[in-house]
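> Sequence positions in the sequence shown follow mature numbering (1 follows the signal peptide of the UniProt record, and there is no 0) and run -21 to -1, 1 to 161.
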Amino acid sequence: MKTIKLYLIAVLGILSLVSCKNDDEFYNAVYISVPNLITIDTPGSYAVGDNVAFHTDFSRYQDENGLSTQLDIYITSQAESFGFAYRLEKETAPDVWTSILLNEDEYSVAEAVYQSGTMTYKCDKAIALTSAGEYRLSFGESYTGNQSTDLISRNPSNKTSVRITTNANSLDAQGYYYFTVN
């Protein structure tokens, strides 16, 4: 009986040394959700030679669920940028979509770079439309579903990672912005 008690005390002691209050402390990450950070330009029509464009411009100070003070994502992560995935495809046959990004990569990465003067992270991306047809734009799928995407901090390895779940305007229920180029 004494051996069992000593064993139990030893196990509990070890567990108390390695336990964490939550997963974020263990993984050294912060997860926040901020809606509508990506804006897709949606003109009335597109022609060959136009650009499809999207933007993000967000403050380094963001609300964190359950806290009364804002999270300073720049101080927390020391990230000079946040990366997020996007995809542009053209319909090459009925219901067959082909990437038109460089090297035909499935996704490309956009970078929202820190602007010290405005204390914001900013990205302006424009992609030339070189041929007529049906197109769709989407963003990397978040763990919350295909209508959301994650902006992931590009921080030094010893700093806390920040992951911002957000969405873009004009996406359908499957997470696509469809448009026609004339």
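Cβ coordinates follow ideal geometry from the N, Cα and C atoms, glycine included.
Name the residue from L80, A91 and P73 whose alpha carbon lies nearest to the alpha carbon of A107.
Your numbering for residue 107 matches position 128 in the sequence shown. Out of L80, A91 and P73, L80 has the C-alpha closest to the C-alpha of A107.
> Comparing alpha-carbon positions, which option in F63, S24, T21 and I11 lies nearest L46?
Numbered from its first residue, the sequence shown carries residue 46 at position 67. The option with the nearest alpha carbon to L46 is I11.
> Note down, in chain order, each residue of its chain lying with its Cβ closer than 8 Å to the Cβ of A152, except the 5 sequence neighbours on either side.
Sequence index remark: in the sequence shown, residue 152 carries index 173 (1-based). Result list for A152: Q126, in chain order.
> Under 8 Å, do G112 and E70 count as touching if we go by C-beta distance?
The residue labelled residue 112 in the question sits at position 133 within the sequence shown. The residue labelled residue 70 in the question sits at position 91 within the sequence shown. In this structure, E70 lies closer than 8 Å to G112 by Cβ.
> Can you tell me whether G28 is buried or exposed? The criterion is at least 16 other CB atoms within 10 Å of its CB, across all chains shown.
Mapped onto the sequence shown, residue 28 falls at position 49. The residue is exposed, with fewer than 16 neighbouring Cβ atoms inside 10 Å.
> Taking C-alpha atoms, which residue in G154, A105, Y93 and Y122 lies nearest to R115?
Locating residue 115 in the sequence shown gives position 136, where the first residue counts as 1. When only C-alpha atoms are compared, the closest one is G154.
> From R39, T77, P14 and C102, pick the residue whose C-alpha is nearest to that of V88; which is it?
Locating residue 88 in the sequence shown gives position 109, where the first residue counts as 1. Out of R39, T77, P14 and C102, C102 has the C-alpha closest to the C-alpha of V88.
> Specify the secondary structure class of T77 as computed by DSSP and reduced to three states.
Numbered from its first residue, the sequence shown carries residue 77 at position 98. Correct three-state label for T77: strand.
> Which word fits Y100, buried or exposed, when buried means at least 16 other C-beta atoms lie within 10 angstroms of its C-beta?
By 1-based counting over the sequence shown, the position of residue 100 is 121. Buried: at least 16 other Cβ atoms inside 10 Å.
> State yes or no: is the C-beta of T18 within less than 8 Å of the C-beta of A147?
Taking the sequence shown and counting its residues from 1, the one referred to as residue 18 is at position 39. Taking the sequence shown and counting its residues from 1, the one referred to as residue 147 is at position 168. In contact: T18 and A147 (Cβ atoms closer than 8 Å).
> Out of curiosity, what's the CA-to-CA distance linking Q41 and T48?
Taking the sequence shown and counting its residues from 1, the one referred to as residue 41 is at position 62. Taking the sequence shown and counting its residues from 1, the one referred to as residue 48 is at position 69. Going from the Cα of Q41 to the Cα of T48 covers about 9 Å.
> Under 8 Å by Cβ, that's how I've got S60 and V92 pegged, so tell me the actual separation to the nearest angstrom.
For the purposes of this step, residue 60 is taken as the residue at position 81 of the sequence shown. For the purposes of this step, residue 92 is taken as the residue at position 113 of the sequence shown. Confirmed, Cβ separation roughly 5 Å.
> Would you give the residue range spanned by the beta strand (DSSP E) that Y86 belongs to?
The count along the sequence shown starts at 1 and reaches residue 86 at position 107. Neither: Y86 is in no beta strand (DSSP E) and is coded neither H nor E.
> Would you mind reading off the limits of the beta strand (DSSP E) that contains S117?
Here the question's residue 117 lines up with position 138 in the sequence shown. Its beta strand (DSSP E) spans residues G112 to F118.
> Just the C-alpha distance for L150 and Y156, rounded to the nearest angstrom, thanks.
Taking the first residue of the sequence shown as position 1, residue 150 is located at position 171. Taking the first residue of the sequence shown as position 1, residue 156 is located at position 177. Near 5 Å, if we compare the C-alpha coordinates of Y156 and L150.
> Please confirm whether L50 and T145 have their CB atoms less than 8 Å apart.
If you number the sequence shown from 1, residue 50 lands on position 71. If you number the sequence shown from 1, residue 145 lands on position 166. Contact: no.
> Do you know how far the Cα of N161 is from the Cα of Y25?
Numbered from 1 along the sequence shown, position 46 holds the residue referred to as residue 25. Numbered from 1 along the sequence shown, position 182 holds the residue referred to as residue 161. The straight-line gap from Cα to Cα measures roughly 6 Å.
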